[in-house]
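In my numbering, the protein residues as written are 31 to 405.
For glycine and all other residues, C-beta sits at the position ideal for the given N, C-alpha and C.
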């Protein structure tokens, strides 16, 4: 039986479709094989890649600080001296006590001053009584003169006695005022409000006129004085911010301040310059004489990366870090300026963009090595 032409064409068409389907099937199997091999290779690479921890590359700016010690001082400190001599009878205030202006800090006694005051008071009282009597006689003589009993000379004489007695009273009043002044100075008073720094003599101790017996400081505005060498003094800018730390009995108190000025004169015996720092917080209750740690900015950095010390490696010829760039490690030589014991600054332009800095796991790495970033 002979096949018609149409029948033959149909068979060839079916055969062509089966062939095409077979080719497509083989192509699918090939693609599947490639996918499986790619997944296997990727899995192998991940398993062999070195695990690392990274931080992002971030440009920043910051300061290089020098840490020095400073001393708290009051805005005004007064050495109080006695205006009279005497013996200490009582100490009304002690070290650290608050004190008001004109409040008594120390009481002295002196028998001679007290006796002189008593004598002056008695002499003035007697002089006033004598003046009163001379005035009475003068007025009496004026009446007797009108009656012709006494002469005008007698009246003039009694008037002169009034003038003399009056002058004597004025002189004794001035003397008493001086004696009272000396007596009042036995009470040693504070000329300012503030805090007692020190009361020097003990009860019963003799002090002489002009001797320093107490010290008082005005705490309405305290400041910090820091001694620095010439190189640091030259690098400090007025109004620069500083960090202040006080350690006291296991507690740490921190605050901020600003540089008021740097002295151009130096202490000949030590060669240091004094830097004055004003505390920003007026409520800080630090005492004069306490020692604080002062972080002074000396240099500002711009367009830098802050890197931890754990990221920095070195060999015999250079200092470097490793970064992750497109999944591979890259060795990058750097210059680093340490700002403390944990961190340093390096120029951001030396590090490729879109990189991540390896902070852990860099030891033993080489450039181009596959790495695995840990979360």
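Rounded C-alpha distance that separates residue i from residue j
i, j, result
"residue 246", "residue 210", "25 Å"
"residue 15", "residue 109", "As shown, the chain starts at 31 and ends at 405. That puts residue 15 outside it, with no answer to give."
"residue 144", "residue 133", "21 Å"
"residue 102", "residue 341", "39 Å"
"residue 208", "residue 163", "26 Å"
"residue 265", "residue 309", "20 Å"
"residue 255", "residue 305", "6 Å"
"residue 392", "residue 355", "14 Å"
"residue 361", "residue 350", "7 Å"
"residue 150", "residue 217", "20 Å"
"residue 104", "residue 248", "6 Å"
"residue 147", "residue 206", "7 Å"
"residue 327", "residue 398", "40 Å"
"residue 276", "residue 318", "12 Å"
"residue 366", "residue 286", "27 Å"
"residue 54", "residue 48", "10 Å"
"residue 83", "residue 386", "9 Å"
Secondary structure of residue i, DSSP reduced to three states
i, result
"residue 17", "Any answer about residue 17 is impossible in this case: the structure gives the chain only from 31 up to 405."
"residue 323", "strand"
"residue 257", "strand"
"residue 224", "strand"
"residue 360", "strand"
"residue 391", "coil"
"residue 151", "helix"
"residue 203", "helix"
"residue 196", "helix"
Outcome for residue i when other beta-carbon atoms lying within 10 angstroms are tallied against a minimum of 16
i, result
"residue 136", "buried"
"residue 303", "buried"
"residue 204", "exposed"
"residue 159", "exposed"
"residue 235", "exposed"
"residue 257", "buried"
Cβ-heavy atom distance, residue i to the ligand NAD, below 7 Å
i, result
"residue 164", "Absent from the structure shown: the ligand NAD. Ligands present: none."
In chain order, which beta strand (DSSP E) runs of at least 3 residues are fully inside the region 68-143?
Runs of the beta strand (DSSP E) inside the region 68-143: 80-86, 90-111, 116-121, 134-139.
Check whether the region 266-273 and the region 222-241 touch, using three or more Cβ-Cβ pairs below 8 Å as the test.
Counting Cβ pairs under 8 Å, fewer than three are found: no touch.
Beta strand (DSSP E) runs wholly inside the region 275-339, at least 3 long, in chain order
Fully enclosed beta strand (DSSP E) runs of 3 or longer: 281-296, 303-309, 321-338.
Counting beta carbon pairs with one atom in the region 112-131 and one in the region 152-168, are three or more of them shorter than 8 Å?
They do not touch, by the three-pair rule.
Check whether the region 362-376 touches the region 55-67, counting contact only when three or more Cβ pairs, one atom from each stretch, lie closer than 8 Å.
Not touching, per the Cβ criterion.
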